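As they're listed, the protein sequences go chains Z and B.
Residue 0 is where the first sequence starts when you use numbering that gives the first Met the number 0, and the numbers rise one by one after that.
Residue 0 is where the second sequence starts when you use numbering that gives the first Met the number 0, and the numbers rise one by one after that.
In what follows, a single structure is set out as structure tokens and then discussed.
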Amino acid sequence: MTDYAQTPVLQTEKLTKAFGSVQALSNVDFNLYPGEVHAVLGENGAGKSTLIKLITGVYRKDSGSILLDGKAIEPHNPHEAQALGISTVYQEINLVPTLSVAENLFLGRQPTRWGLLDMRRVNTDAKALLKTYNLNIDVSRTLSNFSVAVQQIVAIARGVDLSARVLILDEPTASLDANEVQMLFEVIRLLKARGIAILLITHFLDQVYQISDRITVLRNGEKMGEHKTLELPKRQLISQMLGRELLTTLNEDNEKKLATEANADTFLQAQGIARRGMLQPLDLSVSKGEIVGLAGLLGSGRTETAKLIFGIERNDRGEILVKGRKVSLKSPRQAVQYGFGMCPEDRKVEGIIPELTVRENIVLALQAKQGWFRSLSSKKQEAIAQEMIAALRIVTPDANKPAGELSGGNQQKVILARWLASQPEFLILDEPTRGIDVGAHAEIIHIIKRLCSEGMALLVISSELAEVVDYSHRVVVLRDRRKLTELTGDDINEQTIMQAIAEK
Amino acid sequence: MLDTKTEAEPKQAASFKLTQALRRNRRVLFPVLILLLILLGDRLIQPNFFNLRIVDGRLVGSVIDILNRGAPTVLLAVGMTLVIATKGIDLSVGAVIAICGAVAAVLISTTTLPPLLVIGISIGAGVLCGLWNGLLVALFDIQPIVATLILMVIGRGIAQLITEGQIATFSNETLEFVGKGVLLGFPFPIFLSLIVFALVWLLVRRTAIGLLIESVGANDRASFYAGIDAARIKLLAYTISGICAALAGLILTADIKGADANNAGLWLELDAILAVVIGGTALTGGRFFLGTSVIGAFIIQSIQTGIFVSGLPPTFDLIVQAVVILAILFLQSEEFRQLFVRLWGRLRKPA
Chain Z
0 MTDYAQTPVL QTEKLTKAFG SVQALSNVDF NLYPGEVHAV LGENGAGKST
50 LIKLITGVYR KDSGSILLDG KAIEPHNPHE AQALGISTVY QEINLVPTLS
100 VAENLFLGRQ PTRWGLLDMR RVNTDAKALL KTYNLNIDVS RTLSNFSVAV
150 QQIVAIARGV DLSARVLILD EPTASLDANE VQMLFEVIRL LKARGIAILL
200 ITHFLDQVYQ ISDRITVLRN GEKMGEHKTL ELPKRQLISQ MLGRELLTTL
250 NEDNEKKLAT EANADTFLQA QGIARRGMLQ PLDLSVSKGE IVGLAGLLGS
300 GRTETAKLIF GIERNDRGEI LVKGRKVSLK SPRQAVQYGF GMCPEDRKVE
350 GIIPELTVRE NIVLALQAKQ GWFRSLSSKK QEAIAQEMIA ALRIVTPDAN
400 KPAGELSGGN QQKVILARWL ASQPEFLILD EPTRGIDVGA HAEIIHIIKR
450 LCSEGMALLV ISSELAEVVD YSHRVVVLRD RRKLTELTGD DINEQTIMQA
500 IAEK
Chain B
0 MLDTKTEAEP KQAASFKLTQ ALRRNRRVLF PVLILLLILL GDRLIQPNFF
50 NLRIVDGRLV GSVIDILNRG APTVLLAVGM TLVIATKGID LSVGAVIAIC
100 GAVAAVLIST TTLPPLLVIG ISIGAGVLCG LWNGLLVALF DIQPIVATLI
150 LMVIGRGIAQ LITEGQIATF SNETLEFVGK GVLLGFPFPI FLSLIVFALV
200 WLLVRRTAIG LLIESVGAND RASFYAGIDA ARIKLLAYTI SGICAALAGL
250 ILTADIKGAD ANNAGLWLEL DAILAVVIGG TALTGGRFFL GTSVIGAFII
300 QSIQTGIFVS GLPPTFDLIV QAVVILAILF LQSEEFRQLF VRLWGRLRKP
350 A
């Protein structure tokens, strides 16, 4: 296996980068040895992508150094990094889908013959190259004809062939199914054997244990630890990622397996809803006056669950029942007609309409629900906006300020107000407290509890375990796009949730 | 000197109020100001520019001419504003003019259908063109510039097929009235364009449609999440644009009593886009301003009419027009204004 007596091929020393007042990475020492797979793990905002982007020259460091073979390097862009021997394969593959596999492999460096492209040699060379990856395909076919896994291997082959000694894989398995993942791992093992150093970023913990030799954990831009994978129990890894101590004395079978039982108050029942490559079949129910928490690490399938329920993505299996009646949700518009609402995770892209006013943002969902011709008079709009601004204590000089100019917490409240104005019976909140200040944080928790006591059914996703424990009547725990368990009553605490994530 | 000192305070308060009001209404005031400036320029070139005469019961004069000749651009600008507000663009309106004009001209000259029905069918052709664009953009998710380019290119071919490659001439009083008619002393196209503007304004501003268009244009993903049917909103915008183009086509065809598949409404889509931009609606979608788009259309027409009456050789038309429009866009650009303010400051310092 990896020989740690060797010197690292890639090193960072006290690498630091800030964006404005946000410290994205501070004093991170990172070592990558030849022939190892080194997983870099962390939750959102931990600094994983900042680290990669500094190494590949997308960003410039504030301080610290990056060493390749012991020599300081300072790539200005990914091209320079590539020339130095650092190749990156992103989740969104950086190839030309309309060119053939062979052309993609040799793009920009095609062999020529008498000044003309030697297509025959391009094809034979490409075939030979892919053979070393155990990939036997027709290289003259267009790249887009092949599966994502094959495209990914082609991207890797191109990157490695362009002199890579360090290969960075950013979420390579995010859109692969189980077989394809194994296919990719075979390639990774091949490259390892050739002495190439591989930096792997992924959210799938099982895969980390399957393929990686060492793990570096980042949190809030700081390095929490560097471990040999075999010496790091999963629960310790999770507590490092989340920043909480995990007690080891909990007995292991204190959670109850609950079937999703329907009762008179059940608002929503999801039975075996699934979508290929997105979510394994999952049961879930939410009753009136109940808060169901969705817990799990980033990429565990929390947001995917919400998207399937709200009609943003279609489920290809299972069904959804509203008040006991089967419904087909093809779009959020239909979900809204059934009395759903959803505050999405990505507030800027999916939530706020920055150039519209606070008032317009607030009345939007209600107006969309009412249709084109039953328009709310400006007087009515103003009344609703004022009521919401007061009820949620939105800090804005007036209702006619563009919503994009409010602070993050107030934008979140505006989106919440948008849904409350539409008088939903069921509200999905995806990370309602992320990126907002402490005061607004407490207020939003308070609002969530109040809505519940008023009889609303709520499904809340949060990375803050303490928060989930605080307000949830039931907690559904997810990992790797699968429901692990459902906790109720006294079983709900941070320990049981982490335990479930780590060990199920 | 002394006088100004004593009066300084109330004057300052008044000017403060004025600047406040100006800032609030800058979007409206700016295009109006530009229009007035250009009309003033036209007046300097041609002293009798504002003169009006009554000839055969109709008003005649350069200003009337601007309103009349500008009517097709006004119509296009109204539809284009909605399309641009959805973060789209409609390059096909010139071609739609040719199609709808050809439909009207051929039907009126070769069939015995009543003229009003012919006009209806021509507008129906505009609706179909708009729906086609809308379907490509909204349902098949093709980029608007590409989607409407298809009809822009193929549209004149379709129009030629309809006219069988000839300039289809006709003689019919009802149809001619659309382009040459006089109502209460004014040319009919002026009424047509302003009525359509008013109807569209009522449709979008007195219902929720305007808000939903702005929402879709500003952030279509968030709008989708909020339960807005963005596809139907886009379909509506392109359809209205198609109808506006059909009406413009009827005016232009009626005016020359013939349908010229090659030249009717040629490059008019660019004038319409320009009118919308001068009117302050951003090509990036979102907030839109129908009224100032109309003023933008009149600005373009007053430049053209001004050049025409100035007696400048027609070869200079496009160059002069381009220079004036460039100047307008510079004035609208925030960067340019700041640069200008900095340069001004630097010039004043040494003194």
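By construction, the Cβ of each residue, glycine as well, lies at the ideal position given by its N, Cα and C atoms.
This structure is a prediction, so every number in the text was calculated from the model and none was measured.
Nearest neighbour of Z:Thr432, chosen from Z:Ala456, Z:Leu464, Z:Met455, Z:Gly454 [CA to CA]: Z:Leu464
If you measure from the beta carbon of Z:Ile352 to each beta carbon in chain B, is any gap under 7 Å? yes
Bridge partner(s) assigned by DSSP for Z:Ser99: Z:Thr141
Using the beta-carbon count (16 or more within 10 Å), is Z:Ser376 buried or exposed? exposed
Since B:Leu249 is in the alpha helix (DSSP H), which residue starts that stretch and which ends it? 229–255
Which term fits Z:Leu458, buried or exposed, when burial requires 16 or more other beta carbons within 10 angstroms of its beta carbon? buried
Taking CB distances under 7 Å as the criterion, tell me whether B:Ser192 reaches chain Z. no
Coarse secondary structure for Z:Thr63, derived from DSSP in three states: Going by the sequence as given, residue 63 of chain Z is Gly instead of Thr. In this structure, Z:Gly63 counts as strand in the three-state DSSP scheme.
CB contact below 7 Å: B:Tyr237 versus chain Z: no
What do you reckon, are the CB atoms on B:Pro114 and B:Asn171 nearer than 7 Å? yes
Is B:Leu210 close to chain Z, meaning its C-beta is less than 7 Å from at least one C-beta of that chain? yes
Can you list the alpha helix (DSSP H) stretches of 4 or more residues lying completely in the region 368–406 of chain Z, in chain order? 377–390
To the nearest angstrom, report how far apart Z:Leu486 and Z:Gly338 are at their CA atoms. 26 Å
Is the number of C-beta pairs between the region 84–103 of chain B and the region 293–302 of chain B that are closer than 8 Å three or more? no
Answer with yes or no whether the minimum CB distance from B:Thr110 to chain Z is below 7 Å. no
Counting only the same chain and skipping the five closest in sequence on each side, list residues whose C-beta sits under 6 Å from that of Z:Phe105. Val121
Express the C-alpha separation of B:Leu191 and B:Leu182 in angstroms, rounding to a whole number. 11 Å
State the DSSP-derived secondary structure class of Z:Asn26, mapped to helix, strand or coil. strand
Determine, using beta carbons only, whether Z:Pro401 comes closer than 7 Å to chain B. no
Tell me the residue span of the alpha helix (DSSP H) that contains B:Gln142. Looking at the DSSP string, B:Gln142 is not in any alpha helix (DSSP H), and its letter there is neither H nor E.
Z:Ala425 in three-state terms, based on DSSP: Looking at the sequence provided, one finds Phe at residue 425 of chain Z rather than Ala. In the structure shown, Z:Phe425 sits in a strand (DSSP, three-state: E or B).
Rank B:Val73, B:Gly279, B:Val59, B:Leu338 by C-alpha distance to the C-alpha of B:Ile194 and give the top, closest one. B:Val73
Going by DSSP in three states, B:Arg26 sits in which element: helix, strand or coil? helix
Chain B within 7 Å of Z:Arg392, Cβ atoms only: no
Check whether the Cβ atoms of B:Val77 and B:Phe185 lie closer than 7 Å to each other. no
Own chain partners of Z:Ser471 with C-beta closer than 8 Å, once the 5 adjacent residues on each side are dropped: Ile290, Val291, Gly292, Val459, Ile491
Which one of Z:Leu40, Z:Glu318, Z:Leu116, Z:Leu53 has the shortest CA to CA distance from Z:Leu14? Z:Leu53
Could you pull the start and end residues of the beta strand (DSSP E) that Z:Thr484 belongs to? 481–487
Quick one: using the 10 Å Cβ neighbour count with 16 as the cut-off for buried, is B:Ile53 buried or exposed? exposed
Counting only beta-carbon atoms, is B:Ser292 nearer than 7 Å to chain Z? no
For the region 216–227 of chain B against the region 329–336 of chain Z, are there 3 or more C-beta pairs whose distance is under 8 Å? yes
Residues of chain B with CB closer than 7 Å to the CB of Z:Pro343, please, in chain order. Tyr224
How would you write the range of the alpha helix (DSSP H) that Z:Ala508 sits in, first residue to last? An answer regarding residue 508 of chain Z cannot be provided, because it is not within the stretch 0 to 503 covered by chain Z.
Report buried or exposed for Z:Val348, applying the criterion of at least 16 other Cβ atoms within 10 angstroms of its Cβ. exposed
Could you check if B:Glu268 is buried or exposed, using at least 16 other CB atoms within 10 Å of its CB as the buried criterion? buried
For the alpha helix (DSSP H) that Z:Lys47 lies in, which residues bound it at each end? 47–54
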